[in-house]
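Reading through the structure tokens given below for one structure.
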Amino acid sequence: MPIPVVRSLHVHPVKAMRGFAPAEAEVQPWGLAGDRRWTVVDASRAVVTQRRHPRMALASAETLPGGGVRLSAPGLPTLSVEVPRPSSTIRVEVFDTPVEAVPAGEAADAWFSAYLETEARLVHMDEPAHRRPVKPEYALPGETVSFADGFPLLVTTTASLDALNSLIAQGDHADEGPLPMNRFRPNVVVDDTAPWAEDGWTRLAIGDVAFRVARSCGRCVVTTTDQATAERGKEPLRTLARHRKDGGRLIFGQNLVPEHTGTIRAGDEVKILD
Numbered sequence: 040m041p042i043p044v045v046r047s048l049h050v051h052p053v054k055a056m057r058g059f060a061p062a063e064a065e066v067q068p069w070g071l072a073g074d075r076r077w078t079v080v081d082a083s084r085a086v087v088t089q090r091r092h093p094r095m096a097l098a099s100a101e102t103l104p105g106g107g108v109r110l111s112a113p114g115l116p117t118l119s120v121e122v123p124r125p126s127s128t129i130r131v132e133v134f135d136t137p138v139e140a141v142p143a144g145e146a147a148d149a150w151f152s153a154y155l156e157t158e159a160r161l162v163h164m165d166e167p168a169h170r171r172p173v174k175p176e177y178a179l180p181g182e183t184v185s186f187a188d189g190f191p192l193l194v195t196t197t198a199s200l201d202a203l204n205s206l207i208a209q210g211d212h213a214d215e216g217p218l219p220m221n222r223f224r225p226n227v228v229v230d231d232t233a234p235w236a237e238d239g240w241t242r243l244a245i246g247d248v249a250f251r252v253a254r255s256c257g258r259c260v261v262t263t264t265d266q267a268t269a270e271r272g273k274e275p276l277r278t279l280a281r282h283r284k285d286g287g288r289l290i291f292g293q294n295l296v297p298e299h300t301g302t303i304r305a306g307d308e309v310k311i312l313d
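When the count follows this note's numbering, it moves up by one through the sequence shown with no breaks and lands on 313 for the last residue.
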């Protein structure tokens with residue numbers, strides 16, 4: 040049987056925006072280095088996601104030396120933002136959880152407000168080791184996360200995507216498929232597994248870094264957003280609701296928590312430990 044390997048790695052510096060695919064990435068306790076350390080918040084200081092602002096899919100961010108970001112979006116000039124000094128923080132809401140974050144400054148706020156056509160601010164998580172714990176019912180003491188939805192990393196497999204696309208092709212919205220992996224915005228994509236093999240994983244190692252599987256990933260309307268056009272459809276949620284329902288959750292992928300730090304690379308072997 041083929042040995043599972045990492046097909047690709049994905050880092051999204053700003054939550055909800057396009058990211059990039061590095062050949063290797065440092066694993067930190069709260070996720071891949073640079074992943075979702077920044078987020079946009081609205082006038083009420085609630086986190087902005089593609090759920091309410093699908094046009095975020097068309098904006099991109101790349102990491103600069105020192106942790107800053109270069110922002111690009113249709114119709115706007117490129118903007119480089121340095122990591123702000125943590126002289127003061129504001130309280131923002133990440134899915135009803137209060138988190139302290141550092142404002143990026145007026146230039147970034149004006150840029151996002153112009154793009155979203157509503158008041159918006161860019162903020163940075165300066166101390167991910169202390170700012171936001173993983174939900175306690177799925178975490179060990181001291182585990183934290185950046186501005187990701189709930190967990191440090193998300194792993195998906197190409198075999199499961201192929202299986203899902205086969206099911207979509209048999210359904211009422213076959214014209215929407217096949218879907219690319221970017222609909223699911225993972226951090227790690229794995230090749231050479233059986234379809235849905237990840238459902239049975241509880242611990243795994245990528246290269247020399249071990250991870251605990253915390254929970255399967257429940258999917259939302261973001262997966263129906265075409266990441267190239269920001270247009271919405273019905274899939275994959277219609278098909279997941281028929282074939283991948285766990286209670287009230289529609290499942291694709293598994294959430295990971297690192298057991299220690301290290302570096303992982305595209306092409307690394309993935310060892311299933313438990």
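Using N, Cα and C, we set each Cβ at its ideal position, and we do this for glycine too.
Q | Where residue 247 sits in the DSSP three-state scheme | A | Collapsing the DSSP output to three states places residue 247 in coil.
Q) Start and end of the beta strand (DSSP E) containing residue 48? A) 44-48
Q) Between residue 280 and residue 124, what straight-line distance do the alpha-carbon atoms span, to the nearest angstrom? A) 45 Å
**Q.** Cut-off 6 Å between Cβ atoms - residues of its own chain near residue 234, not counting five sequence neighbours on either side
**A.** 198, 199 and 202
(Q) Taking 7 Å as the limit between beta carbons, can you name the residues of its chain near residue 172, skipping five residues before and five after? (A) 178, 182 and 183, listed in sequence order.
Q) Can the beta-carbon of residue 268 be found less than 8 Å from the beta-carbon of residue 223? A) No; because the gap between Cβ atoms is not below 8 Å, this pair is not in contact.
(Q) Taking the straight line between their C-alpha atoms, what separation do you get for residue 87 and residue 300? (A) Answer to the nearest angstrom: the Cα atoms are 29 Å apart.
Q) Whole-angstrom Cβ separation of residue 185 and residue 90, contact assumed at under 8 Å? A) 18 Å between Cβ atoms; not a contact.
Q | Touching by the beta-carbon criterion (3+ pairs, under 8 Å), the stretch 60-70 and the stretch 291-308 | A | yes
Q. Going by C-alpha distance, which of 110, 256 and 60 is nearest residue 237?
A. 256
Q: Rounded to whole angstroms, what's the CA-CA distance from residue 295 to residue 146? Just pull it up for me.
A: 35 Å
(Q) Please report the distance separating the alpha-carbon of residue 293 from that of residue 253. (A) 8 Å
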